[in-house]
């Protein structure tokens with residue numbers, strides 16, 4: 001239903017006559033609101049209501065309604081990028097723009113980490129920390145940065161200090177979001193490098209409890225157990241990792257676009 005109404009909204013934008021365009025915008029808003037009422041937990045329907053009010057604001061003059069629907073969408077899905085952008089440009093309050101800005105810094109930091117541009121990661125993380133120091137994603141990226149800097153540091157005392165700070169940041173991220181797999185995984189790596197096999201094992205077991213299909217964690221857990229001399233348990237982990245590896249795609253299945261067939 002949403003996609004059919006969105007098609008009506010797109011057609012309205014092509015209308016030359018003011019009255020016809022206004023009529024089609026009003027109809028689109030009515031249908032979007034009906035769709036939202038069918039499922040109060042549909043964040044996408046709420047977002048489309050907000051978007052339609054924002055697009056048709058000049059004609060219908062109800063930007064407040066756009067903000068209200070956008071707030072509903074963000075209550076259901078606080079991390080919806082399009083809703084954050086819409087709220088940022090439609091509200092007089094700066095908070096949503098600030099959130100949007102922080103997310104941009106975090107995305108940049110992750111991109112630079114993937115490109116191994118460590119010097120570029122640091123200012124991005126610092127900007128994000130300045131905006132939201134208690135965000136689990138911010139603390140996680142701060143921990144990753146410190147972990148990488150420690151690995152490249154030649155001074156032993158400075159390296160140990162960085163690793164300690166990295167663990168503190170990752171533990172902080174887990175205190176906010178205990179199921180954050182990336183933080184657990186990097187903590188396991190640090191504990192393993194420190195020779196703390198028991199804590200590394202605990203982190204990895206936490207991961208496979210949260211996400212049993214995470215084959216890399218089963219593989220790492222097997223390596224940890226093998227280093228600890230527990231070869232039978234390690235073999236079981238390796239067998240599980242191998243079985244999962246054959247069904248694990250190079251690109252996550254969740255990245256495949258959802259296709260909606262319409263008549």
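In UniProt numbering, the protein residues as written are 1 to 263. Ideal Cβ positions, reconstructed from N, Cα and C, are used throughout, including at glycine. Computed from a predicted model, the values in this text were never measured in an experiment.
Let me know if residue i comes out buried or exposed under the rule of 16 or more other beta-carbons within 10 Å of its beta-carbon.
i	result
residue 186	buried
residue 158	exposed
residue 169	buried
residue 19	exposed
residue 65	buried
residue 235	exposed
residue 79	exposed
residue 41	exposed
residue 215	buried
residue 115	exposed
residue 130	exposed
So, helix, strand or coil for residue i, using DSSP?
i	result
residue 199	helix
residue 120	helix
residue 115	coil
residue 77	coil
residue 174	helix
residue 214	coil
residue 126	helix
residue 155	coil
residue 246	coil
residue 230	coil
residue 165	helix
residue 189	helix
residue 194	coil
residue 32	helix
residue 134	coil
To the nearest angstrom, how far is it from the Cα of residue i to the Cα of residue j?
i	j	result
residue 142	residue 136	10 Å
residue 244	residue 211	12 Å
residue 101	residue 238	42 Å
residue 149	residue 107	19 Å
residue 103	residue 230	43 Å
residue 44	residue 73	7 Å
residue 31	residue 67	18 Å
residue 205	residue 246	21 Å
residue 202	residue 76	33 Å
residue 155	residue 112	25 Å
residue 82	residue 228	48 Å
residue 144	residue 71	32 Å
Contact the segment 165 to 179 vs the segment 118 to 128: 3+ CB pairs below 8 Å: No, the segment 165 to 179 does not touch the segment 118 to 128.
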